[in-house]
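Visitor:
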Amino acid sequence: GGPTWDVRVGRRDSTNASFDGAIANLPAPNSNISTLIEKFRNQKLTRVDLVALS
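Counting from 1, one number per residue, gives the positions in the sequence shown under UniProt numbering.
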């Protein structure tokens, strides 16, 4: 063996989930650039964020 340690796993993004929220806020796979920019802006993200996350 070797040394061991506890590793915390998982991440809390939210205390609840909302299907309606996901549908309203996630862009569709066939969204055009204007829609993508708007969806990202609504989440306080920039065009640079859009490119980096695409």
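Where a beta carbon is used, it is the ideal one built from N, C-alpha and C, also for glycine. For clarity, every value in this text was computed on a predicted model and none was experimentally measured.
1. Given a cut-off of 7 Å on the beta-carbon distance, is the pair Leu36 and Pro27 in contact?
2. So Lys39 packs on Asn16, CB below 8 Å; how close in whole Å?
3. Ends of the alpha helix (DSSP H) at Gly1?
4. Leaving aside the five residues before and after Arg47 along the sequence, list all residues of the same chain whose C-beta is less than 7 Å from its C-beta, in chain order.
5. What would DSSP say about Ala22, mapped onto helix, strand or coil?
Guide: Reading from the atomic positions:
1. yes
2. 21 Å between Cβ atoms; not a contact.
3. Looking at the DSSP string, Gly1 is not in any alpha helix (DSSP H), and its letter there is neither H nor E.
4. Ile37
5. helix
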